[in-house]
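Under the working numbering, read the sequence shown as residues 6 to 251, first letter to last.
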Amino acid sequence: MELQGKAALVTGGGTGIGREVSLLLAKRGAAVAVNYSRSRTEAEETVRMIESEGGRAIAIQADVSKNEEVKAMTASVAEQFGTIDFLVNNASITRHIELGDLDAAEGDVWDELYNVNVKGMFFCARAAAAYMKGSKNGAIVNVGSIAGSTGVGSSMPYAVSKAAVHGLTKSLAHALAPEIRVNCVAPGAVATRWWAGREENMGRLTGSIPLQRISTANDIAALIVAILEQESMTGQIVTADCGQTM
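If you want it as C-alpha cells, here you go:
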C-alpha cells in the first residue's frame, strides 16, 4: 500500500519505537498524529523533527486507557487530516516485579497495565476503525512483545497483558475484515530508554542472543511500516527478537 497522502495515528508516538515509527511514516509521505499521555515535550519535539523535513504532523494528548479521551482524540485527528488510514497501537506501560514475587503483583498493578496495554489498544482500534471503514483499506499494527509468548518479562502482569494483545490482534482481524487489516509486532529486547540504568544487564543479554545484538527502535519501526504496507497480511503476530526466543 502506498503511504503517500495517508493519515496515521501513532500512540505513544513521542519516544522510543513510537517516535521512530512517526518519523518513518512521515518520510514515506503520511501525515502523522503523535499521541502522548504525559510526554508532551518529546511528542512536540517529534513533530518538529517531522516538520523540519517538510512533513506534516501534530501532537495530540490522550490517555488511551480512557475511552472518552480516545474518542475525542480520533475525532480531532480525523478533522485535521480528513480521516485516519493507519493506527499504530504502541502506547504501553510496565511495572518491574520479579516473576516469582506473586505477592507484589497486586490487583492495582493488573488493572493499571490492562487498562493501558489491552483496553487502551481496543479503545483506539475501535475509534479509529470508524474512520478507516470509509476507505475500505485501513490497517492497524499493535505492538506486543515476546513476553506475551514466553510468559517471561518485566513482570507477570506485563507478560500476560501482552499475551492478551496478541489475542486481541486476532480477534480484531476477524471482526474488522475485509476493510481493515490488523497485525501485531512482537519485539524482543529493544534498545530504548527502558534500559537506562540496566546497561550491564543489556550487555549480558546481548551476548546470549544468536545475532549478538538487540533490536533498535528503528528496526522495529521499519517492520511496523512494512506490515502497514503489506496488503496480504492480517491476524499475524510477527516476532522480531534477533533470535532471542530460538
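Think of the CB as a built atom: it goes at the ideal place given N, C-alpha and C, for glycine as much as any other residue.
Q | In chain order, each alpha helix (DSSP H) run of at least 4 residues that lies wholly inside the stretch 7-38 | A | 21-32
Q) Span of the beta strand (DSSP E) holding T244? A) By 1-based counting over the sequence shown, the position of residue 244 is 239. Boundaries of the beta strand (DSSP E) harbouring T244: 242-245, taken from the DSSP string.
Q: Would you kindly report the start and end of the unbroken alpha helix (DSSP H) that includes L92?
A: Within the sequence shown, the letter at position 87 stands for residue 92. No alpha helix (DSSP H) contains L92, which is instead part of the beta strand (DSSP E) from 91-94.
Q. For the beta strand (DSSP E) that contains P192, what are its first and last residues?
A. Translated into positions along the sequence shown, residue 192 becomes position 187. It spans 185-192 - the beta strand (DSSP E) in which P192 sits, taken as one unbroken run.
**Q.** Exposure of S97, with buried meaning 16 or more beta-carbon neighbours within 10 Å
**A.** Translated into the one-based positions of the sequence shown, residue 97 becomes position 92. It is buried - the Cβ of S97 has at least 16 other Cβ atoms within 10 Å.
Q) Who are Y41's beta bridge partners in DSSP? A) As a position in the sequence shown, residue 41 is number 36, starting the count at 1. According to DSSP, which records beta bridges pairwise, Y41 is partnered with Q66.
Q. Does DSSP put G87 in a helix, a strand or coil?
A. Indexing the sequence shown from 1 puts residue 87 at position 82. Looking at G87 - three-state DSSP - the assignment turns out to be coil, as it is neither helix nor strand.
Q. In three-state terms, what does DSSP make of G139?
A. For the purposes of this step, residue 139 is taken as residue 134 along the sequence shown, with counting starting at 1. Helix at G139.
Q. How many Å lie between G60 and E236 at the Cα?
A. For this step, residue 60 is matched to residue 55 along the sequence shown. For this step, residue 236 is matched to residue 231 along the sequence shown. Spanning the two alpha carbons is a distance of roughly 24 Å.
Q: Look at the alpha carbon of G193 and the alpha carbon of H179, and state the distance between them as a whole number of angstroms.
A: For the purposes of this step, residue 193 is taken as the residue at position 188 of the sequence shown. For the purposes of this step, residue 179 is taken as the residue at position 174 of the sequence shown. G193 and H179 have their C-alpha atoms spaced approximately 26 Å apart.
Q. Roughly how many angstroms separate the alpha carbons of S140 and E184, rounded to a whole number?
A. As a working mapping, residue 140 is identified with position 135 in the sequence shown. As a working mapping, residue 184 is identified with position 179 in the sequence shown. Answer to the nearest angstrom: the Cα atoms are 8 Å apart.
Q) How many whole angstroms separate the CB atoms of A36 and A12, which I take to be in contact at a CB cut-off of 8 Å? A) As a first step, residue 36 is located in the sequence shown; it is residue number 31 there, counting from the start. As a first step, residue 12 is located in the sequence shown; it is residue number 7 there, counting from the start. Going by Cβ atoms, the distance from A36 to A12 rounds to 5 Å, so yes, they are a contact pair.
Q) What are the partner residues of I145, as DSSP defines its beta bridges? A) Here residue 145 corresponds to residue number 140 of the sequence shown, with the count starting at 1. I145 pairs with L92, V187.
**Q.** First through last residue of the alpha helix (DSSP H) which encompasses D113
**A.** Looking up residue 113 in the sequence shown gives position 108. Residues 112-119.
Q: Check each candidate in G149, L173, T174, L177 and name the one with the smallest Cα separation from A164.
A: Position 159 of the sequence shown, counted from the first residue, corresponds to residue 164. The shortest C-alpha separation from A164 is found at G149.
Q | Cut-off 6 Å between Cβ atoms - residues of its own chain near L228, not counting five sequence neighbours on either side | A | Within the sequence shown, numbered from 1, the residue matching residue 228 stands at position 223. So the qualifying residues of the chain are V190, A245.
Q.
Assuming the contact rule is C-beta atoms closer than 8 Å, L30 and L14 should be a hit. Round their C-beta distance to whole Å, please.
A. For the purposes of this step, residue 30 is taken as residue 25 along the sequence shown, with counting starting at 1. For the purposes of this step, residue 14 is taken as residue 9 along the sequence shown, with counting starting at 1. About 10 Å; that fails the 8 Å criterion.
Q: Could you tell me the distance, in whole angstroms, from the CA atom of A117 to the CA atom of E111?
A: Here residue 117 refers to the residue found at position 112 of the sequence shown. Here residue 111 refers to the residue found at position 106 of the sequence shown. For the record, residue 117 in the displayed sequence is Glu; it is not Ala. So the alpha carbons of these two residues sit roughly 10 Å apart.
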